[in-house]
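The block underneath contains the structure these notes are about, expressed in C-alpha cells.
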Amino acid sequence: MPVLTRLIPSPVFVEIRPGALDALAGILADQRLSTAGRVAVAISNGSGARLRERLLPMLPDADWFEAADGTLDGAVRLADEVKSGHYDVLVGLGGGKIIDAAKYAGARVGLPVVAVATNLAHDGICSPVSILDNDAGRGSYGVPGPIGVVVDLDVIQQAPKRFVAAGIGDVLSNISACADWELSQRETGEPVDGLAVAMARSAGENLLRHPGALEDADLLTALAEALVLSGIAMSIAGSTRPSSGACHEISHALDVLYPKRSAQHGEQVGLGAAFASFLRGERELSQLIVNRLRAHGLPVTADQIGFTETEFIEAVHYAPNTRPGRFTILEYLDLSPSAIRDTYADYVQAVNS
Numbered sequence: 005m006p007v008l009t010r011l012i013p014s015p016v017f018v019e020i021r022p023g024a025l026d027a028l029a030g031i032l033a034d035q036r037l038s039t040a041g042r043v044a045v046a047i048s049n050g051s052g053a054r055l056r057e058r059l060l061p062m063l064p065d066a067d068w069f070e071a072a073d074g075t076l077d078g079a080v081r082l083a084d085e086v087k088s089g090h091y092d093v094l095v096g097l098g099g100g101k102i103i104d105a106a107k108y109a110g111a112r113v114g115l116p117v118v119a120v121a122t123n124l125a126h127d128g129i130c131s132p133v134s135i136l137d138n139d140a141g142r143g144s145y146g147v148p149g150p151i152g153v154v155v156d157l158d159v160i161q162q163a164p165k166r167f168v169a170a171g172i173g174d175v176l177s178n179i180s181a182c183a184d185w186e187l188s189q190r191e192t193g194e195p196v197d198g199l200a201v202a203m204a205r206s207a208g209e210n211l212l213r214h215p216g217a218l219e220d221a222d223l224l225t226a227l228a229e230a231l232v233l234s235g236i237a238m239s240i241a242g243s244t245r246p247s248s249g250a251c252h253e254i255s256h257a258l259d260v261l262y263p264k265r266s267a268q269h270g271e272q273v274g275l276g277a278a279f280a281s282f283l284r285g286e287r288e289l290s291q292l293i294v295n296r297l298r299a300h301g302l303p304v305t306a307d308q309i310g311f312t313e314t315e316f317i318e319a320v321h322y323a324p325n326t327r328p329g330r331f332t333i334l335e336y337l338d339l340s341p342s343a344i345r346d347t348y349a350d351y352v353q354a355v356n357s
C-alpha cells in the first residue's frame with residue numbers, strides 16, 4: 005500500500021510570548037540556523053533602532069544594517085551589503101517593511117531569514133511574499149518564508165493600536181479570500197489546496213469570534229498565531245490564494261489609483277472583505293466581519309478611510325486589473341460602475357442599519 009506524504013514549508017521555530025526578545029541570542033545559536041555565529045541584523049530607523057540598544061549586549065558579534073524605506077532598491081542595497089559578509093542568517097527586526105526587505109535580500113543572496121516583529125500589522129511576518137515599492141508603484145515578490153518567527157508580546161503591546169487593528173483586518177480577509185478561491189474552483193476548475201484553506205480560514209474564524217480587546221494579551225497571541233498560520237498557508241499553496249481574493253484586489257486598486265492616500269493594508273483589505281462577502285450574497289458573514297472590524301476601530305465604509313463613494317467604486321471596478329488571471333467574485337459578477345454603485349449603496353445601508 006503506497007504511503008503518500010508531502011513536505012510542508014514552515015518555520016523551524018516560532019516564539020510568541022512575553023519576553024521572547026530576551027531569548028533571541030539563544031535562538032540564533034541554534035546550529036540549524038547559524039553554524040559559525042555570523043549574524044546580520046536589518047533594522048528600521050524606528051522600532052528596530054530603539055531595540056538595537058537593548059539587543060547589542062546579547063548579540064555582541066552581530067553586524068547591523070539599516071534598511072527602512074520599504075523600496076525594492078532599498079532591499080537590493082541590503083542584499084549587496086550583506087552579500088560579502090558570509091553570514092549564516094539575516095534577522096529582520098522591525099515592522100512589515102523591514103521584514104519584507106530582509107526576506108527579499110535573503111532570497112537574493114541565499115540567506116535564511118528570521119523575522120522579529122515589532123508590530124502585527126499584516127501577515128508578512130511569515131509569508132513567502134515581499135511587498136516593496138518600485139518605480140511602477142508597489143510590487144509583490146515571491147521569496148522563501150522566514151525560517152523563524154519571534155514575536156515578543158511585551159514589544160507588541162507598545163506598538164500603535166492602529167497597527168494591531170490592521171493585522172486583524174488582514175487576517176479576517178482570509179475568510180473572504182478562501183470563499184473566492186472555492187468560487188473559482190466551482191466556476192473555472194481551479195485546484196484548491198484544502199490544507200491551505202483550512203489553515204487560513206481557521207485563522208480568520210478564530211479572530212472573527214474572539215471577544216478580546218486590542219490591549220489583551222490573549223487577543224495579541226491569537227493574532228500573532230493567526231498571522232503565522234496565514235503565512236504558512238500561502239507557502240503550502242505556493243501562492244497568496246488562501247489570503248488574497250477580491251478583498252486584496254480592491255486594496256491593490258486603492259494603492260494604484262490613489263498611491264499617496266492609501267490607508268493601512270489591513271484596514272483596506274478588511275473593508276474589502278466585508279464588501280466582497282456582501283457581493284457574494286453572504287450577508288450574515290459580511291455583517292459579522294463589519295461588527296468585528298468596528299469592535300477594533302477599523303473602517304467599514306470608504307469614507308472612514310478617506311475615500312469618496314465615487315473613488316471606492318472606481319477602485320472596485322479597476323480591481324480585477326491588479327491580479328490578471330485571478331478569479332474572484334469581482335470577475336464572476338463583472339459589474340459595471342453603476343451596478344457597483346447600487347450594490348455599495350445597499351452595503352452601506354446594511355452596515356448602518
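For what it's worth, this note's numbering labels the leading residue of the sequence shown as 5, then goes sequentially.
Beta carbons are placed, not taken as given, at the ideal position from N, Cα and C, and that holds for glycine.
Check your understanding: Can you give the Cα-Cα distance for L60 and L157, rounded to whole angstroms?
Key -> Residue numbering aside, residue 60 sits at position 56 when the sequence shown is read from its first letter. Residue numbering aside, residue 157 sits at position 153 when the sequence shown is read from its first letter. If you take the alpha carbons of L60 and L157, they lie about 20 Å apart.
Review point. Quick one, are the C-beta atoms of A183 and R296 less than 8 Å apart?
Key: Residue 183 sits at position 179 when you count from the first residue of the sequence shown. Residue 296 sits at position 292 when you count from the first residue of the sequence shown. Contact flag unset, no.
**Study point:** Spatially closest choice to E251 from S134, S48, T332, by CA coordinates
**Key:** Residue mapping note: residue 251 aligns to position 247 of the sequence shown, counting from 1. The sequence shown places Cys at residue 251, not Glu. Checking every option, the nearest Cα to that of C251 belongs to T332.
Review point. G89 and K107: beta carbons closer than 8 Å?
Key: Start at 1 with the first residue of the sequence shown, and residue 89 comes out as number 85. Start at 1 with the first residue of the sequence shown, and residue 107 comes out as number 103. Their beta carbons are not under 8 Å apart, which means G89 does not touch K107 by this criterion.
Check your understanding: When burial is assigned at 16 or more other CB atoms within 10 Å of the CB, is E219 buried or exposed?
Key -> Reading the sequence shown from its first residue, position 215 is the one you call residue 219. Per the 10 Å Cβ criterion, exposed.
Practice item. List the endpoints of the continuous alpha helix (DSSP H) containing F331. Key: To locate residue 331, count along the sequence shown from 1; it is residue 327. Taken as a continuous stretch (DSSP letters only), F331 belongs to no alpha helix (DSSP H), as it is neither H nor E.
Exercise for review: Specify whether the region 170-178 and the region 133-141 touch according to this definition: at least 3 beta carbon pairs, one from each stretch, less than 8 Å apart.
Suggested key: no
**Study point:** Through-space distance from G110 to P150, alpha-carbon basis
**Key:** Within the sequence shown, residue 150 is the residue found at index 146, counting from 1. Within the sequence shown, residue 110 is the residue found at index 106, counting from 1. Going from the Cα of P150 to the Cα of G110 covers about 9 Å.
Point to revise | Straight-line Cα distance separating L32 from A181 | key: As a first step, residue 181 is located in the sequence shown; it is residue number 177 there, counting from the start. As a first step, residue 32 is located in the sequence shown; it is residue number 28 there, counting from the start. When rounded, the distance between both Cα atoms is 35 Å.
Review point. Taking the DSSP output, what are the residues bridged to S360?
Key: No statement about residue 360 is possible, as the shown extent of the chain runs from 5 to 357 and does not include it.
Check your understanding: Rounded to whole angstroms, how far is the Cβ of P148 from the Cβ of P132, which I believe are closer than 8 Å?
Key -> To locate residue 148, count along the sequence shown from 1; it is residue 144. To locate residue 132, count along the sequence shown from 1; it is residue 128. Going by Cβ atoms, the distance from P148 to P132 rounds to 6 Å, so yes, they are a contact pair.
Review point. Helix, strand or coil: how does DSSP classify T347 here?
Key: Locating residue 347 in the sequence shown gives position 343, where the first residue counts as 1. Here T347 sits in helix by DSSP.
Exercise for review: Starting from G143, follow its DSSP beta bridges and name the residues at the other end.
Suggested key: Taking the sequence shown and counting its residues from 1, the one referred to as residue 143 is at position 139. Note: G143 sits in a beta bridge opposite L136.
Check your understanding: What are the start and end residues of each continuous beta strand (DSSP E) run of 3 or more residues lying completely inside the region 20-73, in chain order?
Key -> 43-47, 67-70
**Study point:** Beta bridge counterpart(s) of T75 as assigned by DSSP
**Key:** As a first step, residue 75 must be located in the sequence shown, where it is residue number 71. According to DSSP, T75 bridges with D137.
Point to revise | Residues near E313 in its chain [Cβ-Cβ closer than 7 Å; skip 5 each side] | key: The residue given as residue 313 occupies position 309 in the sequence shown. Contacts found: A306, Y348.
Practice item. Output the distance between the C-alpha atoms of R298 and V168, rounded to the nearest integer angstrom. Key: On the sequence shown, position 294 is the one that residue 298 refers to. On the sequence shown, position 164 is the one that residue 168 refers to. Taking the straight line from one Cα to the other gives about 14 Å.
Review point. How many angstroms separate the CA atom of L337 from the CA atom of R10?
Key: Numbered from 1 along the sequence shown, position 333 holds the residue referred to as residue 337. Numbered from 1 along the sequence shown, position 6 holds the residue referred to as residue 10. Straight-line Cα distance between these residues: approximately 36 Å.
Check your understanding: Where does the unbroken beta strand (DSSP E) through V294 begin, and where does it stop?
Key -> On the sequence shown, position 290 is the one that residue 294 refers to. Element bounds for V294: not the beta strand (DSSP E) but the alpha helix (DSSP H), 287-299.
Exercise for review: Look up A230 in the DSSP assignment and say whether it is helix, strand or coil.
Suggested key: To locate residue 230, count along the sequence shown from 1; it is residue 226. Three-state result, A230: helix.
**Study point:** Length of the line joining the Cα atoms of R330 and N178
**Key:** The sequence position of residue 330 within the sequence shown is 326, counting from 1. The sequence position of residue 178 within the sequence shown is 174, counting from 1. For R330 and N178, the distance between alpha carbons rounds to 15 Å.
**Study point:** Contained alpha helix (DSSP H) runs [length at least 4] in the region 171-224, N- to C-terminal order
**Key:** 198-212
Point to revise | Other residues of its chain near E271: CB distance less than 7 Å, five sequence neighbours each side excluded | key: Indexing the sequence shown from 1 puts residue 271 at position 267. Same-chain partners within the cutoff: A170, G173, L302, P303, I309.
Review point. So, A71 versus V43, is the Cβ gap smaller than 8 Å?
Key: Within the sequence shown, residue 71 is the residue found at index 67, counting from 1. Within the sequence shown, residue 43 is the residue found at index 39, counting from 1. No, the pair does not count as a contact, with Cβ atoms beyond the cut-off.
**Study point:** Identity of the residue in L227, M203, S51 nearest A241 by Cα
**Key:** Counting from one through the sequence shown, the residue named residue 241 turns up at place 237. The candidate whose alpha carbon is nearest that of A241 is M203.
Check your understanding: Which partner residues of A121 appear in the DSSP bridge assignment?
Key -> As a first step, residue 121 is located in the sequence shown; it is residue number 117 there, counting from the start. G98, V155, per the DSSP bridge assignment.
**Study point:** Integer-rounded CB distance, given that I102 should sit under 8 Å from I47
**Key:** Residue 47 sits at position 43 when you count from the first residue of the sequence shown. Residue 102 sits at position 98 when you count from the first residue of the sequence shown. Contact holds; Cβ gap of about 6 Å.
Review point. For D84, does the count of other Cβ atoms within 10 angstroms reach 16, so buried, or fall short, so exposed?
Key: Locating residue 84 in the sequence shown gives position 80, where the first residue counts as 1. Exposed, since its Cβ has fewer than 16 Cβ neighbours within 10 Å.
Review point. Taking Cβ to Cβ, would you say A121 is nearer than 8 Å to A79?
Key: Residue mapping note: residue 121 aligns to position 117 of the sequence shown, counting from 1. Residue mapping note: residue 79 aligns to position 75 of the sequence shown, counting from 1. Taking 8 Å as the Cβ cut-off, A121 and A79 do not qualify as a contacting pair.
Point to revise | Supposed contact pair A230 and L211 - C-beta distance, whole angstroms, cut 8 Å | key: Translated into the one-based positions of the sequence shown, residue 211 becomes position 207. Translated into the one-based positions of the sequence shown, residue 230 becomes position 226. Confirmed, about 6 Å.
Point to revise | CA-to-CA distance, V159 to R54, given in whole angstroms | key: Numbered from its first residue, the sequence shown carries residue 54 at position 50. Numbered from its first residue, the sequence shown carries residue 159 at position 155. Rounded to the nearest angstrom, the two C-alpha atoms are 11 Å apart.
Check your understanding: So is A163 buried or exposed if we call it buried at 16+ other beta carbons inside 10 Å?
Key -> Mapped onto the sequence shown, residue 163 falls at position 159. Under this definition A163 is a buried residue.
Check your understanding: Where G208 and A277 are concerned, what is the direct C-alpha to C-alpha distance, given to the nearest angstrom?
Key -> Translated into the one-based positions of the sequence shown, residue 208 becomes position 204. Translated into the one-based positions of the sequence shown, residue 277 becomes position 273. Whole-angstrom Cα-Cα distance: 11 Å.
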